[in-house]
Structures are given as C-alpha cells and as structure tokens.
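Please read the structure below before turning to the comments.
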Amino acid sequence: MTIPDKSISAAEAKSALAALEKTNSNLIKTCRPPIGLALVAAFLIGLETLAISLGMASDGWRLLMFSSAIGLVVTLFLWVKSLRKHGVAMQLCPKTTADRIFGALQAVFVIIMMIGSQLLFKQGIEWPSYVAALINAVFLLYIMYYHPTGRWVEKQGEGE
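So, in structure tokens, the structure goes:
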C-alpha cells in the first residue's frame, strides 16, 4: 500500500486494519438496541406471525395482528430515536447492493415463515404457526443483536 512519496510497512498496514476492525466493532456495539427493546420487538414479530397465521379463525386475531404491527413500528421508531440520542443517524435505505440483498433476504425469510404457517393452518395443522412465530422472534433478535446496522459484516481471516 502506498501513499504519494511514502511507503507503509506491513506492521503499519496491520495496525490500520486492526483500528478499522475495532471501529467497526464499536459501531455495532453502539447501534445494538437495548436488550429490553430487542426482546419487545422479537415478541411483537412473533405475535404478528402468530396472528397472521391464526387470523383466519376470528376477528380477535386480526385485531391482534394490527396491534402487534403498530407496536413493532413504534418499537423500531424508539430504537432509531435512541440511536439519534447517542449521536448515530441510521440510514433507513441501504446504499450498497449487498446491503439491499441482505435486507431483502431477511424480509423474504420472515414473509415465507408467515405465509407458510398460514397455509398450513388452512390445511388444519396448527402447530407450525407457533413454531414459525418462535423462529421469526429468534431471527429478529439475532438480526438486531449481530447486524444492527443492517449490513452484512464478514469476519476476515488473518491474511486478508
């Protein structure tokens, strides 16, 4: 790696990469929501999945479906407000293609779980609705903890 009129040694390059990795790690820790907020969001997405699956049964489930959707939006809004309070402005729309694909795959996974559990409920099988709700809740909790910035971050090996 060279800069005009100056060469950088391998030790300096490793030091710079370590500093970048530390900065990225600190950013992820800063963007991570409080555990209580993440648990509430996970509970609400699970409740939303369950209500969508069982919503064919009664109007009570439909009311729960809309209530949990509103609650989830409010929870995520509070997370963004909390980040702004700490001086971090989250981007709601991803900039890179990889980030767009990562976000789209997350959405597709959640939607497939919701629609699949609803179709199985229509066939008379009720238990997949509860399993899909649990899977979506754990999935959102994982995403909010390990990928709070909405970016796919790969661990780099020693020689990279």
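Numbered continuously in numbering that gives the first Met the number 0, the sequence shown closes out at residue 159.
Every residue, glycine too, gets a C-beta built ideally from N, C-alpha and C.
Predicted, not measured: the structure shown is a model, and the values here were computed from it.
| For Ala40, which residues of its own chain have a beta-carbon under 7 angstroms away from its beta-carbon, when the five flanking residues on both sides are left out? | Leu71, Thr74, Leu75, Leu139, Met143
| field | Cβ neighbours of Val79 in the same chain (closer than 6 angstroms, five flanking residues each side left out) | value | Met89
| message | Please report the distance separating the alpha-carbon of Glu11 from that of Lys5. | response | 12 angstroms
| query | Thinking C-alpha only, which one of Ser81, Gly59, Met64, Ser24 is nearest Phe42? | reply | Comparing Cα positions, the closest option is Met64.
| request: Return helix, strand or coil for Ser128, following the three-state DSSP convention. | output: helix
| message | Among Lys84, Phe101, His85, Gly86, whose alpha-carbon lies nearest the alpha-carbon of Cys92? | response | Phe101
| message | As a quick exercise: from Ala15, Leu19, Ile27, Leu53, pick the residue whose alpha carbon is nearest that of Ala132. | response | Leu53
| query | If you scan the segment 68 to 105 from start to end, which runs of the beta strand (DSSP E) of 3 or more residues do you find wholly inside it? | reply | none
| field | Supposed contact pair Ser67 and Glu47 - C-beta distance, whole angstroms, cut 8 angstroms | value | 4 angstroms
| Own chain, CB closer than 7 angstroms to Ile51, minus 5 neighbours either side, in chain order | The residues are Met64, Met113, Gln117.
| Does DSSP put Gln117 in a helix, a strand or coil? | helix
| Among Ser8, Ser81, Ile134, nearest to Leu49 - alpha-carbon criterion | With distances taken between Cα atoms, Leu49 lies closest to Ile134.
| said: Assuming the contact rule is C-beta atoms closer than 8 angstroms, Leu77 and Leu36 should be a hit. Round their C-beta distance to whole Å, please. | reply: At roughly 7 angstroms, the Cβ-Cβ gap stays under 8 angstroms, so Leu77 and Leu36 are in contact.
| message | Here's the rule I'm using: 16 or more other beta-carbon atoms within 10 Å means buried, otherwise exposed. How should Ile44 be labelled? | response | buried
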